[in-house]
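Engineer: Can you keep this structure in mind? I'll have questions shortly.
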Amino acid sequence: MSFWTQIGFEFDTAFSLVNYAEAVEKPMYRALLLRSLTISAICTVATVLLSYPMAYYVAFHVRKHKMAWIILMTVPFFSSYLLRIFAWKIILGYNGVINSGLKGLGLIEQPLAFLLYSPTAVVITLAHAWAAFAILPIYISLEKIDRSLIEAATDLGDGPVKRFLGITLPLSMPGVIAASLMIFIPTVGDYVTPTLVGGPDGLMIANLIQAQFGLVNNWPMGAALALDMMLVVAVISLLYIWLTRKVTENIA
Amino acid sequence: MNEVAYIDRPNRPLYFYAILYLAFLYIPVLFLPLFSFNDNIYIAFPLKGFTTQWYVTMFNDQPMWAALNNSLRVACVSSAIATLLGLFGAKAVTRYRIPGVKPIIFVIMLPMVVPLIIMGVALLILVTRLGFNLSLYTIAMAHVLISVPFAMATLMSRFEGFDPSMEEASSDLGAGPWSTFWRVTLPMVAPGVLASFLLCFTISFDEFIMAFFLGGTDPTLPIFIWGQLRFPQRLPGVLALGSLILVISFVLVFFSLWLRRLGVEDTKSGI
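Line by line, the protein sequences give chains R and Y.
Under the numbering used here, the first residue of the first sequence is numbered 2, with each subsequent residue one higher.
Under the numbering used here, the first residue of the second sequence is numbered 465, with each subsequent residue one higher.
This is the structure:
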């Protein structure tokens, strides 16, 4: 359908690349796609960095009730996505938890305006919503590491830092890669978060795609944009996998 | 020897970090129930006082009940179908030798990683081109598609956990394929089936994007909530409703994860 064109309320089903040309040429489309990718990338990096120590802790330092920890970490992920994002809207809002709380404590005079309706808000909310997706793959890959390797490194005189960089980190890379992709791919196309907490500066490509099917009523254009996004995300993911493979090979 | 024990030694900084992390995961969600009892139409500190009026308002809200009814119907139908498909699929890939099983599993698991908006757009085009009207059926169909990977994953681990020789023994003793499946396989995987059903149910019940694109005139509960978010004076009612949903879904998910774990542990001790 992305190769068709919209004429009024009808579709012209002749093959055409007009939509793709427009998707590439129009600065707005490019800017939105670029912003979606940037927000997702920042969010992915932040989530993985924050989740790694957590997964590490559960894998290496928890002996009893491991399952309880894992269940505790995964349960929020299954609670309503919409409600979790709505919760963040309450927290970050102009009159929200943070602003009214800080004002009540006398720390600030004016509400901090940058909290809600900004790309920052989108990043925070997304990072929170997808945390479980980061922890589980990293945890699984850490859990698989043969403990005797770490013991051997210790016996051979490696300190904690060297032990981590030389053994634990490279061996847990598959988990880190899986985690990054599992967060990056869905967040690029997220619709609810940018709509609820993004504001005009935090709009992402999914909002544009949805608008093509709703208000703008140009379905072929929407389809072209969706495919466009898919393609870009797929290319980036493949590049990322290839790059990390190269880097880990060089370290090992 | 002391250094060898390094791995399991408690690590205080990391422990604090872990607690902080869990707090970060849970606290945002806890604000919903907190404010749902607050006697103030504006959601802000300081808290004004305790009230249950928002719950009363919510219970008298007719469109809410209609939406809840729609959601329950969609969730029941789609999770039943997804679990059934997952059951046969899991049996197929774990019990029989199928050429190209890895690509098949990959395709089945694909909806887990494709951005939902792409799936929504694709299905919307497909459904309207085929000439169907958007309705609760189209939402249910989309929900089957996105919950099948979860059903498969849950049931596959269950099938891998139990010994195929049980089924062989049953057929050696003269049971037909149907009665083997009914009297041996199904009871063995029953906890997995229930866990998968509950998991798919929660997914469908919460799902927004698919319902947003594929919904007709009947809203599901998330769509109803979405509509309410636009009106500030209705927010406390949404908070009350949201808190109830959170409590119920937490209980369901805990239960299904516990069931899944129960199954795994059983078979481990059995072997």
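We put the beta carbon where it would ideally sit given N, CA and C, even for glycine.
Cβ closer than 9 Å: which chain R residues qualify as neighbours of Y/A482?
Structural biologist: P54, M55, Y58, V59, H62, V63 and W70
Engineer: What are the boundary residues of the alpha helix (DSSP H) that Y/M576 is part of?
Structural biologist: Note, Y/M576: premise wrong, no alpha helix (DSSP H); not H, not E.
Engineer: When the Cα of R/Q211 is compared with those of R/D202, R/V198, R/G199 and R/D191, which residue comes out closest?
Structural biologist: R/D191
Engineer: Going along chain Y, which residues have a C-beta under 8 Å from R/G190?
Structural biologist: What R/G190 touches in chain Y: P579, L580, I581 and I582.
Engineer: With C-beta atoms as the reference, is R/S238 less than 8 Å away from R/I186?
Structural biologist: yes
Engineer: Give the residues of chain Y in contact with R/R36, contact being defined as C-beta atoms less than 8 Å apart.
Structural biologist: The premise fails here: R/R36 is roughly 15 Å from chain Y at the closest Cβ pair, so nothing lies under 8 Å.
Engineer: Quick check: what's the CA-CA separation for Y/F596 versus R/L137?
Structural biologist: 39 Å
Engineer: Closest Cβ-Cβ distance between R/G200 and chain Y: below 8 Å?
Structural biologist: no
Engineer: Report the residue from R/I242, R/D229 and R/R246 whose alpha carbon sits nearest the alpha carbon of R/R31.
Structural biologist: R/D229
Engineer: Do you know whose CA, among R/V123, R/P221 and R/W243, lies nearest R/P175's CA?
Structural biologist: R/W243
Engineer: Are Y/M616 and Y/G553 closer than 8 Å when you measure CB to CB?
Structural biologist: yes
Engineer: From the DSSP output, in three-state form, read off R/V63 for me.
Structural biologist: coil
Engineer: For Y/Y519, would you say it is in contact with chain R, using Cβ-to-Cβ distances shorter than 8 Å as the test?
Structural biologist: no
Engineer: Sort R/L84, R/G200 and R/I178 by Cα distance to R/T45 and report the nearest one.
Structural biologist: R/I178
Engineer: Could you pull out every residue in the same chain whose Cβ sits closer than 7 Å to the Cβ of R/T126, ignoring the five residues on either side in sequence?
Structural biologist: Cβ neighbours of R/T126 beyond the five flanking positions: I86, W89, T194 and V198.
Engineer: Are R/S52 and R/A130 closer than 8 Å when you measure CB to CB?
Structural biologist: no
Engineer: Using a Cβ-Cβ distance under 8 Å, would Y/F672 count as near chain R?
Structural biologist: yes
Engineer: Sort R/S142, R/G160 and R/Q213 by Cα distance to R/L1 and report the nearest one.
Structural biologist: Since the displayed chain R opens at 2 and closes at 253, residue 1 of chain R lies outside it and no answer follows.
Engineer: Looking at the C-beta of Y/Y601, does it have a partner C-beta in chain R at a distance below 8 Å?
Structural biologist: Chain R places no beta carbon closer than 8 Å to that of Y/Y601, leaving this residue out of the contacts.
Engineer: Helix, strand or coil, according to DSSP, for Y/L716 in the structure here?
Structural biologist: helix
Engineer: Exposed or buried, which one is Y/G680 when buried takes at least 16 other CB atoms within 10 Å?
Structural biologist: exposed
Engineer: So what's Y/V468 in DSSP terms, helix, strand or just coil?
Structural biologist: Here Y/V468 scores only 45 on pLDDT, less than 50, and its place in the model should not be relied on; the value that follows carries that caveat. Per DSSP, reduced to three states, the secondary structure at Y/V468 is helical.
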